[in-house]
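Colleague:
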Amino acid sequence: MNHTSSSSGMPPIQRGSMRAQPWLGLAGRLRGQQAPADAPWRASAAQHQVLPPAWEAAAQQRRHWLLFWIASATVFATALLWRAQPGAGSDVLLAAQLGLFALLFAWVSAGTVTAVMGFWVTLRGDPHALSARSAAHTVLPSDARTAVIMPICNEDVATVFAGLRATCESLSTSGAERLFDVFVLSDSSDPALRAAELTAWQALREQLHTAGRHLRVHYRWRQHRTRRKAGNVADFYRRWGRSYRYMVVMDADSVMSGDTLVTLARLMEAHPCAGILQTAPRACGHATLHARGQQFGSRVTGRLFTAGMQFWQLGEAHYWGHNAIIRVAPFMQHCALATLPGKGALAGEILSHDFVEAALMRRAGYEVWLVNDLEGSYEQQPPHLLAELQRDRRWCQGNLQNARLLTEPGLRPVHRAMLATGAMSYVSAPLWLLYVVLGAALWLHDSEIPLWSSRSVATLWVSTALMLALPRVLGLLAVLLRGEQAAFGGSLKLLGSTVLEALMSMLQAPLRMAAHSLFVLGGLTGWKLEWTSPPREASDLPWGYAAQRFGPLGLAVACLLGAVAWFAPDSLLWLLPMGLPLLLAVPFTVLSSRVGLGQRLQDAGWLLVPEESRSPSVLKQAWRYAHAPRATATPWLADLPRLAALALQALGPRHTGQGLRGEHRRQRVLQLSRTGGAAPSAAEHMRFLSEPHSLRLLHAALAGERTH
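So the sequence shown is numbered by the working numbering: it starts at 259 and just counts up by one.
#1: Would residue 628 pass as a contact of residue 377 if the rule is Cβ separation under 9 Å?
#2: Taking the alpha-carbon positions, what's the residue 366 to residue 722 distance?
#3: How would you label residue 487, buried or exposed, when you count the other beta carbons within 10 angstroms and need 16 or more for buried?
#4: Quick one: what does DSSP say residue 952 is sitting in, helix, strand or coil?
#5: Please report the straight-line C-alpha distance between residue 947 and residue 500, rounded to a whole angstrom.
#6: When the Cα of residue 759 is compared with those of 779, 604, 559, which residue comes out closest?
#7: Starting from residue 391, follow the beta strand (DSSP E) in both directions and report where the run begins and ends.
#8: Taking the alpha-carbon positions, what's the residue 271 to residue 476 distance?
#9: Using CA atoms only, rank isn't needed, just tell me which of 922, 864, 949 is closest to residue 903.
#10: Where does residue 633 sit, in a helix, a strand or coil, going by DSSP?
#11: For residue 398, tell me which candidate among 479, 360, 425, 526 has the shortest Cα-Cα distance.
#12: Any idea if residue 269 is buried or exposed, counting beta-carbon neighbours within 10 angstroms, 16 or more meaning buried?
#13: Closest by CA to residue 374, which one among 733, 640, 808?
#14: Closer than 8 Å by C-beta to residue 491: which residues in its own chain qualify, once you throw out the five before and the five after it? Chain order, please.
#15: Residue 566 and residue 379: beta carbons closer than 9 Å?
#16: Less than 8 Å between the CB atoms is what I'm expecting for residue 648 and residue 609, so what's the real figure, rounded?
#17: Going by DSSP, which residues form a beta bridge with residue 438?
#18: If contacts are defined as beta-carbon pairs under 8 Å, then residue 515 and residue 433 qualify, I think. What distance do you get, rounded to the angstrom?
#19: Which residues does DSSP pair with residue 532 in a beta bridge?
#20: Residue 477 bridges to which residues according to DSSP?
#21: Please determine if the segment 327 to 336 and the segment 578 to 598 are in contact, where contact requires at least 3 C-beta pairs separated by less than 8 Å.
#22: Could you spell out the range, first to last residue, of the beta strand (DSSP E) harbouring residue 505?
#23: Which one or two residues does DSSP pair with residue 409 in a beta bridge?
#24: Report, in whole angstroms, the separation of the C-beta atoms of residue 970 and residue 619, which I expect to be a contact under 8 Å.
#25: Buried or exposed: where does residue 464 fall if 16 or more other Cβ atoms within 10 Å of its Cβ makes it buried?
#26: Does the segment 733 to 747 come into contact with the segment 761 to 776, if we say contact requires no fewer than three beta-carbon pairs (one atom in each stretch) closer than 8 Å?
#27: Taking Cβ positions, are residue 638 and residue 544 nearer each other than 9 Å?
#28: Kindly identify the DSSP beta-bridge partner or partners of residue 380.
#29: Out of curiosity, what's the CA-to-CA distance linking residue 478 and residue 441?
#30: Should residue 846 be labelled buried (16 or more other beta-carbon atoms within 10 Å of its own) or exposed?
#31: Given this structure, state the Cα-to-Cα distance separating residue 321 from residue 546, to the nearest angstrom.
#32: Less than 6 Å between C-beta atoms, sequence neighbours within five positions excluded: which residues of the same chain meet that for residue 278?
#33: Using the C-alpha atoms, what's the distance from residue 615 back to residue 576?
#34: For residue 587, which residues from the same chain have a beta carbon less than 6 Å from its beta carbon, with the 5 sequence-adjacent residues on both sides left out?
#35: In the DSSP output, what is residue 541 paired with across the bridge?
#36: Mind checking whether residue 451 and residue 523 have CB atoms under 9 Å apart?
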C-alpha cells in the first residue's frame, strides 16, 4: 500500500472479508446444533501461549469471592426483612415481595462489593492487572500500523473537529505519526452538516500541513447507511482493514493524547494474545450543573467501580465501543455481527454492539483488558438529564437485545454475566416500581399489614441507601489517602462536592427509574426507537421542552399521591422519596442544565475534577479550538467550486458523468439553472456532494445563466 499523500483523501482500497456467523442460541442448541470442535473461533490466540496465563486462576478466585459476598449480604438483608414480616412466605404477594427484595438487594450489593474491591486495588495495586507501564520499553516496528477512526453522524461539526484536531496535533508530536492514519467516517444525513464536515476536514489537513505535521487524515461518507455505527466501522474494516494491524475507535466527543495512542499500540505489540484493550476515559468538558455532577461522581466514586471490574474481570473485560484499541485481523475474522433472528423489538440488527464484540473476541481465544492506569483518554458527559436519558433509551433496547445471546455456545461465563447485567441495569427499574406496587397491594389486601409493610419498605430504603452510600464514602476516603484532594479543590470542597453530588443523584434516581421503566416497556413492545446522538454542545434547556417531556409524568404522580393521601395517608410517607423528585422533575432538569450555574460552581471550586484544576495540554487545545469564533456558514450553492474540489479530494475521481446516470444529472442540472438556482432536495444535495462532476456542471450552468 502506498501511504504517501495524494490528491485523494482516501488511501487505496484493499478489500477484506468480514463474514458473520449465524447465532445458534438456546433453540439451536436444543436442536443439536452444538458448537463443533473445529468452529471458526477455535483457531485462536492460543498459538501464542502453551499454558493458561496466571491471571486466569486469580480471576477465578476473585469471582468466587465476589459471589460469596453478594450472596452473604443478600441472605443477611433478606433474613432481616423476613423476620420483620410475620407470616412472610405464606402468601403469594408476600413471597413475591420477598423474592423481589432479594433480587434487587443482590443487584445493589454487586456494585458495592465491586467498589470495595476497587478501593482495595486503588490503594494496594494489582500484580495481575495489565498496566500501561508494561510496554514502556516496547518498540513499534514499521509494519505495526494503526488506524484511528472516528465515526460521526449529524454531530456538531466545530466541537467534533476541535477535539480531533487536538488529538492529531498531540499524535504528531509523539514521534510515531508515520505509523498512524486518521479516518473520519461520516454517516451524516444533513446536507449542510456534510458540507461543513468537508470544510472542517480540509481545514484540519491545512492546519496540520502549515504546522509541519505529516499525519494523514482521511474523510469518508457512506452513501448507504446500514447498521448504524457498527455498520460504519464494519465498512471500514472491509475496505481498509487489511492495511492495518491495529485500530483505535473514538467517539465524536473523544479526545486522546498522542502518548496514549502510542502506548496502546505498544501494549498490543507486547501482548500478542490481547484482542481489545479498553482505556478508562475520564469524563470532562461540559460546564452544566448536571454534567459537572456526573464528571465529579465518575472521578471520585466511578473510578472505584472501574478498578473493581478490572480486579475481577482481568483478561475477560468488556469493551465500551470507543477510546479502545483493537487487533484488526481477529476482529474481522471473529467479531462480525449477524442479525438476531425472528420478529419483534428484540430481533434484527444488534444495537449495543460493544459488549457482544468483546464476548466474541474472548470466545476466539484473545484477551480483552481494561487498562485502568492509562491516562490521556477523555470523553464528555451528556450536558443535561434529558440528553442522558436519550442516550439511555438506545442503550436500553440494545442491552435487552443482548440478553438473547446468553445461551450462545462458546461464550465465557464472565461475558454471559456481563450481557445479563447489561439488561439488568435497566430491568431493575421496573422491578423497583413493582416492589413498591406490591407493598401497596399488600396494604389493600389486609388491614393488619400496614405496620410490617411499612417496615419492609423502610428496610429496603435504609439498607439500599447504606449500600449506595458506601462507594461514595470509599471514593472520598481513597482521594484523601492518596493525597489527591488538592486536585478536587481541597479537602473541604471535596467533602462538600461529594455531598452535593450525592443529593443530585438522589433527586435524579426516581427520574431515571421512571424513564428506564418506560424504556424497558418500549423495548419489549416495539415502540419506535429514535437513534440520535446526544448533543455535544451545552446549552440551557428551555422550560417548555422540559415540561413537554416531564410534565405528563409529574401530573400523573401528583394525581397518584393525591389519591394515596385521600385513601391511605399513613402510606404517603413511604412514597414521598420517589414521588417528590418526580413532582419537581421539570424545574430540577432545567436548573441542572444551566451553563451559568455550573460555571459559577466551577469558579468557586465546587465539583472540580483534576482535568480542570490541572488541565492536560491536549484538553486545553481541544477546549480552545471548540470555543474559537465560528465562521458563518455559506449557502451551498454559493460555494460550488470549493465544494467540488473538496469532494474530489475526499473521494477521488468518480466517473459519474457517463451513461444514463450522467445524462440524468445533466438534465437535472439544466432544470436547476433555468429556475434561477432553486435549491435541490436534500437527497439530491447529498448526491451532488458525492459527485464532484455534477457540482462542477451545476456551477458552470448557473454561471452561464447569470452571464446570459
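By construction, the Cβ of each residue, glycine as well, lies at the ideal position given by its N, Cα and C atoms.
Modeller: The structure says:
#1: At a Cβ-Cβ threshold of 9 Å, residue 628 and residue 377 do not count as neighbours.
#2: Taking the straight line from one Cα to the other gives about 7 Å.
#3: It counts as buried.
#4: In the structure shown, residue 952 sits in a helix (DSSP, three-state: H, G or I).
#5: Spanning the two alpha carbons is a distance of roughly 28 Å.
#6: Ranked by Cα distance from residue 759, the first of 779, 604, 559 is 559.
#7: Counting along the chain, residue 391 sits inside no beta strand (DSSP E), nor does DSSP assign it H or E at all.
#8: Going from the Cα of residue 271 to the Cα of residue 476 covers about 13 Å.
#9: Minimum Cα distance to residue 903 is reached at 949.
#10: Judged by DSSP in its simplified three-state form, residue 633 adopts coil rather than helix or strand.
#11: Nearest to residue 398 by alpha-carbon distance, out of 479, 360, 425, 526, is 526.
#12: By the neighbour-count rule (16 or more Cβ atoms within 10 Å), residue 269 is buried.
#13: The option with the nearest alpha carbon to residue 374 is 733.
#14: Closer than 8 Å at the Cβ level, and outside the excluded window around residue 491, lie 407, 409, 443, 507.
#15: In this structure, residue 379 lies closer than 9 Å to residue 566 by Cβ.
#16: So it is not a contact: roughly 14 Å between Cβ atoms.
#17: Per DSSP, 404.
#18: Residue 515 to residue 433, Cβ: 13 Å. No contact.
#19: Partner(s): 625.
#20: DSSP lists 442 as the beta-bridge partner residues of residue 477.
#21: Because the criterion of three Cβ pairs below 8 Å is not met, the segment 327 to 336 and the segment 578 to 598 do not touch.
#22: Start and end: 504 to 507.
#23: The partner list for residue 409 (beta bridge, DSSP) reads 443.
#24: Here the chain comprises residues numbered 259 to 966, so residue 970 is not present and cannot be evaluated.
#25: Result: exposed.
#26: The segment 733 to 747 makes no contact with the segment 761 to 776: fewer than 3 CB pairs, one atom from each, lie closer than 8 Å.
#27: Taking a C-beta distance under 9 Å as the contact criterion, residue 638 and residue 544 qualify as a contact pair.
#28: Answer is none; residue 380 lacks a bridge partner.
#29: The straight-line gap from Cα to Cα measures roughly 7 Å.
#30: Counting the other Cβ atoms within 10 Å of the Cβ of residue 846 gives 16 or more, which makes it buried.
#31: Take the alpha-carbon of residue 321 and the one of residue 546: they are about 38 Å apart.
#32: Result list for residue 278: 594, 595, 596, in chain order.
#33: Straight-line Cα distance between these residues: approximately 9 Å.
#34: Only residues of its own chain outside the window of five on either side were considered, and among them none has a CB closer than 6 Å to the CB of residue 587.
#35: Paired residues: 637.
#36: Inclusion of residue 451 and residue 523 in the CB contact set at 9 Å is not warranted, their separation being larger than that value.
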